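Converting from the first sequence to this note's numbering requires adding 2 to each position, the first position being numbered 1.
Ideal Cβ placement from N, Cα and C applies to all residues, glycine included.
It should be emphasised that the depicted structure is a prediction, and the values quoted were computed from it without experimental measurement.
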Amino acid sequence: MPRYDFSGIEKKWRARWKEVPIQNPASSKPKYYCLDMFPYPSGTALHVGHWRGYVLSDVLSRYKILQGYHVLHPMGWDAFGLAAENNAIKQRKHPSISIAENIKNMKRQLEEMSTIYDWNDEINTTDPAYYKWTQWIFARMFEHGLAYEQEMPLNWCDECKVVLANEEAVGGVCERCKSPATKKNLRQWMLKITAYGERLLNDLESLDWPEKVKKMQTDWIGKSSGTEIDFAVQGSDAKIRAFTTRPDTLAGATFMVLAPEHELVKKLTTSDQNDKVEEYVKHAASRSSVDRMQDKEKTGVFTGSYAINPLIGPIPIWVADYVLIDYGTGAIMCVPGHDTRDFEFATKFDLPISRVISPDGTDAPLEEAYTGYGVLVNSGQFDGLTVADGKEAITKYLEAQGSGTKTINYKLRDWVFSRQRYWGEPIPIIHCPTCGPVVVPDKDLPVMLPKVESYLPTSTGESPLALVTDWVNIACPKCNGPGKRETNTMPQWAGSSWYFLRYPDVNSNDALASPRAIKDWLPVDYYVGGIEHAVLHLLYARFYTKFLYDIGILQFHEPFTTLFNIGMINYKGKKMSKGEGYGVSPDDVLPKYGCDALRLYEMFISPPELDCEWDDSGIEGVSRFLNKLWRIVERDATKINPATTELARLRHRIVHDITTRLENLSLNTVVSGFMEHTNTLQSLGGVDRETLKVMAILLAPFAPHMAEEIWESLGHKDSVFAQSWPTYDPEMLKTDTVEIAMQINGKLRGNINIPADADKEAAIAAAKDALADKLEGAEIAKSIYVPGRIINFVVKA
RNA sequence: GCCCGAAUGGCGGAACUGGUAGACGCCCGGGACUUAAAAUCCCGUGAGGGCAACCUCGUGCCGGUUCGAUUCCGGCUUCGGGCACCA
């Protein structure tokens with residue numbers, strides 16, 4: 003018996019859908035906006051791992067269509083950025099050429115998967131008509147003081163020859179090439195994302211997102227509340243401001259530490275300590291953050307000066323690199339008795355350690371830092387207070403003296419927004435010697451990225467655009483004097499921070515999208531993508547959305563209502579890579595098994611939110627299932643088999659199972675449900691048309707070609723997608739008799755069929771009868787009956 | 001170091017609110033059809049014992065709650081992930 007001709011069937015329906023789309027574009031139905039994180043065409047092809055998310059969103063979109071929604075399910079290309087540029091360099095092509103080729107190939111792949119993307123809504127972030135608006139948003143941010151220039155030590159990747167945002171340099175390592183980042187002092191454009199820290203944190207609560215992602219963003223924003231304390235310095239007018247979350251331990255602060263980069267280091271260093279301190283600071287500056295982090299032992303030097311602890315008097319001031327310049331104030335009060343790092347430092351340099359918190363109120367000696375709770379001791383007038391009360395009381399005491407304030411600190415840093423590479427959106431700024439940085443007027447947008455032969459990165463930290471002199475030199479829009487264009491470009495993330503706003507109106511020329519289109523479609527109802535963007539793209543997009551809300555462009559302030567994290571597919575224990583690299587290509591799978599089989603296997607492989615392993619022979623199972631179903635259709639579709647009660651019940655059961663599992667996004671069990679019920683259909687002598695009809699509609703989101711083919715073979719002329727999702731009658735799920743388990747003392751002792759509506763007495767009587775031999779002579783202490791499940795006899799031995 | 005999450009057959013995984021553990025599939029073994037192969041169909045497949053009906057054990061480990069625990073509670077172990085001197 004031949005396998006069904008998937009190749010012919012799939013070709014036929016793909017062509018049909020192109021002719022007659024499954025959705026009417028002028029629809030008045032309720033909207034549903036289902037979005038995939040768009041790919042960056044930095045490799046030549048997609049692998050089966052990418053498809054997992056695309057299949058899930060496609061299934062969901064088709065399901066929503068069958069439920070009567072008008073669905074927007076678009077696709078585009080995040081084509082600027084380092085990865086695309088590096089890929090072009092590798093291919094020895096201009097990035098505009100290489101991305102065009104990559105896009106063409108990936109688009110072909112997506113079409114062969116029969117996703118329902120409407121290619122009229124395609125976005126390409128490198129299209130000037132698109133990046134005009136990326137620049138426009140930047141211009142608005144500049145006007146609102148959210149985009150600013152600053153010279154500061156930044157993460158620099160020597161491999162990529164580019165600065166990195168904090169989010170791109172997690173662990174001191176370049177997010178892209180994994181080489182260690184060094185610190186480099188550079189003037190860069192920054193976006194004041196910190197101004198939105200509190201809102202980015204608070205609004206997480208309202209989102210239907212995986213808890214894991216919310217937690218990652220919460221931790222990344224890193225809010226902590228405490229007190230800022232100004233410490234006077236002995237014999238100096240300088241004050242050292244330190245942030246602490248534990249003002250209650252003030253009496254235990256036996257020394258202070260400044261970060262090596264702290265501005266007071268020079269001033270507070272006494273002449274006898276000068277050489278040592280200078281050498282230490284110089285050494286610290288020369289080391290990468292990776293090196294610093296790998297230090298097991300604390301290092302530091304004494305400045306020679308003393309600060310005044312208002313509770314205990316003079317305490318020495320040290321310099322050490324375990325204090326970070328960019329968190330808090332870059333200086334800390336050290337409480338070795340109750341902080342493990344300070345304890346380690348104090349032990350190494352023989353500084354005094356005292357207990358000021360005690361679980362039982364006694365001054366027991368400390369073997370290690372005590373970080374638990376208790377009451378204050380050795381703290382004078384504050385003795386006996388709890389930690390919480392102590393925080394309050396000591397902060398009040400400092401406030402009264404004018405040397406302390408309650409403060410909130412965040413780990414979130416402003417976003418380094420410029421890159422020293424060619425392949426990105428030009429930053430729409432003109433530097434004028436008289437006017438300073440001037441934003442390019444809207445009428446001159448977009449600032450086109452010039453076509454150049456040589457776009458390779460320079461090692462100086464300067465953008466290759468700086469060499470394009472006739473592009474760089476331009477009159478200042480304000481004073482008309484000679485000005486120079488900003489030559490840095492925007493980071494990878496700029497275009498993707500707002501692209502979801504563009505899809506409903508991709509051709510808009512006078513706004514990033516028309517207010518009408520935005521109102522009709524946004525926010526995104528369902529967003530599908532990998533966890534890797536948890537604190538990158540997803541945080542940036544939320545920031546942009548809130549800013550555009552603030553300036554009146556948007557009426558909502560969160561872009562993605564629901565987020566689904568698709569798990570990664572590994573192959574032979576390794577991560578798949580884009581392009582000709584490592585992995586399984588759909589191009590190899592499709593000719594063998596077809597698109598429907600691959601779609602089903604992508605879902606069947608494991609729960610969609612989990613990482614999993616591609617199994618080359620696993621797809622055999624779903625392929626066999628499709629063949630089996632097709633044989634039933636060939637057997638029964640044109641026959642008139644009677645619709646028995648048994649079949650009707652089964653039909654309602656199938657609708658129930660598939661619908662509830664799909665609603666839970668348990669796609670792997672949806673597929674197993676289809677298999678299970680198809681096995682049942684097969685074993686029945688013949689199946690009625692109504693059941694096959696329902697099967698076709700249920701199957702449509704998952705294996706659309708097979709579904710259409712079944713629908714057609716039942717004699718229908720319209721598309722299966724013009725139908726509505728079937729419903730089930732809960733009454734039909736009930737059966738006359740049920741098989742329930744019989745237990746004695748919780749151990750299975752047999753099964754029994756009883757009427758479904760049997761009362762407790764009848765059920766127990768029947769079970770007693772069935773277990774007569776086993777219960778003989780035993781005294782039944784208790785009988786438990788859970789209708790439809792079990793009967794359990796508790797007997798005494 | 002801190003914070004999350006997970007652990008079920010040879011493998012991927014299933015099990016609704018505490019109620020028959022192992023659905024569905026892969027792999028493997030046996031059989032049918034075939035000149036043969038492919039495809040397909042049927043049977044078996046957690047471990048151990050028994051001719052058999054059946055019995056015992058079994059969801060990482062130890063303990064608890066319960067008539068009954070993969071599910072709830074306490075304590076571990078291992079693996080995965082996030083952050084990492086954040087004061």
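Which of the three DSSP states, helix, strand or coil, is assigned to isoleucine 786? Strand at isoleucine 786.
Report the CB separation of phenylalanine 257 from proline 318 in whole angstroms; it is logged as a contact under 8 Å. 5 Å between Cβ atoms; contact.
For cysteine 597, the first and last residue of its enclosing alpha helix (DSSP H): 597–606
Give the secondary structure of isoleucine 91 by DSSP, where H, G and I count as helix, E and B as strand, and everything else as coil. Assigned with DSSP and collapsed to three states, isoleucine 91 falls in helix.
First and last residue of the uninterrupted alpha helix (DSSP H) at isoleucine 621: Looking at the DSSP string, the run of the alpha helix (DSSP H) that includes isoleucine 621 is 621–638.
Cβ-Cβ separation, arginine 94 to phenylalanine 723 (assumed contact under 8 Å), whole Å: Contact flag wrong, Cβ pair sits at about 45 Å.
Near cysteine 179, what residues of its chain come up, given a Cβ to Cβ distance below 7 Å and the 5 sequence neighbours on each side ignored? Cys159, Glu161, Cys162
Sequence-distant residues of the same chain with beta carbon closer than 7 Å to serine 715, five excluded per side: Val635, Ala639
If you follow the alpha helix (DSSP H) that phenylalanine 502 is in, where does it begin and where does it stop? 501–504 is the extent of the alpha helix (DSSP H) around phenylalanine 502.
Compute the distance between the beta-carbons of phenylalanine 347 and proline 354, then report whether it is under 8 Å. No, the pair does not count as a contact, with Cβ atoms beyond the cut-off.
Valine 215 lies in the alpha helix (DSSP H); which residues open and close that run? 213–223
Proximal residues to alanine 780 (C-beta, below 6 Å), its chain only, five neighbours per side dropped: If we look at alanine 780 and ignore the five residues flanking it on each side, its Cβ neighbours are Val797.
Give a yes or no on contact between the stretch 224–243 and the stretch 251–267, applying the rule of three or more CB pairs nearer than 8 Å. yes
In chain order, which beta strand (DSSP E) runs of at least 3 residues are fully inside the stretch 16–49? For the stretch 16–49, whole beta strand (DSSP E) runs of length 3 or above, ordered along the chain, are 33–38.
Sufficient close CB pairs (3 or more, under 8 Å) joining the stretch 43–52 to the stretch 132–141: no
For serine 59, tell me which candidate among Pro23, Thr564, Gly687, Asp659 has the shortest Cα-Cα distance. Thr564
Determine the extent of the beta strand (DSSP E) in which glutamine 383 is found, giving its start and end residues. Membership of glutamine 383 in any beta strand (DSSP E) is not indicated, and neither H nor E is assigned to it by DSSP.
Taking the C-alpha atoms as reference points, what is the distance between glycine 228 and lysine 186? In this structure, the alpha-carbon of glycine 228 lies about 31 Å from that of lysine 186.
From the DSSP secondary-structure annotation, give me the bridge partner or partners of alanine 234. DSSP lists Lys241, Ile310 as partners of alanine 234.
Is it true that the stretch 119–128 meets the stretch 74–88, where meeting means three or more beta-carbon pairs spaced less than 8 Å apart? Cβ pair count under 8 Å is three or more, so yes.
Euclidean distance between Cα positions of proline 644 and threonine 693: 11 Å
Mind the definition here: the stretch 443–462 touches the stretch 504–514 only if three or more C-beta pairs lie below 8 Å; say whether that holds. No: the two stretches stay apart, fewer than three of their Cβ pairs being nearer than 8 Å.
What runs of the beta strand (DSSP E), each 3 residues or longer, lie entirely inside the stretch 360–435? 406–411, 431–434
The alpha helix (DSSP H) spanning methionine 677 covers which residue range? 669–685
Cβ neighbours of tyrosine 787 in the same chain (closer than 7 Å, five flanking residues each side left out): Closer than 7 Å at the Cβ level, and outside the excluded window around tyrosine 787, lie Lys762, Ala765, Ile766, Ile793.
Starting from valine 279, trace the alpha helix (DSSP H) in both directions and tell me its first and last residue. 276–287
If you draw a straight line from the C-alpha of tyrosine 603 to the C-alpha of glycine 620, how long is it? 7 Å
So asparagine 567 is in the beta strand (DSSP E); what residue range does that whole segment cover? Counting along the chain, the unbroken beta strand (DSSP E) around asparagine 567 starts and ends at 562–567.
Three-state class that DSSP yields for asparagine 104 in the structure shown: helix
Selection from Pro439, Ala599, Gly532 that minimises the alpha carbon distance to leucine 612: Gly532
Going along the chain, which unbroken runs of the beta strand (DSSP E) with 3 or more residues stay wholly within the stretch 134–191? Within the stretch 134–191, the complete beta strand (DSSP E) runs of at least 3 residues are 149–159, 164–166.
One question on the structure: do phenylalanine 606 and valine 657 come within less than 8 Å of each other, judged by their Cβ atoms? no
Output needed for serine 516: all residues of its chain with C-beta closer than 6 Å, excluding positions within five of it in sequence on either side, in chain order. Asp507, Ser510
To the nearest angstrom, how far is it from the Cα of tryptophan 121 to the Cα of glutamine 422? 33 Å
In terms of alpha-carbon separation, which member of Arg54, Ala17, Val454 lies closest to leucine 600? When Arg54, Ala17, Val454 are compared, the shortest CA-CA separation from leucine 600 is found for Arg54.
Could you name the residues that DSSP lists as bridge partners for aspartate 771? For aspartate 771, which the question treats as bridged, DSSP gives no partner whatsoever.
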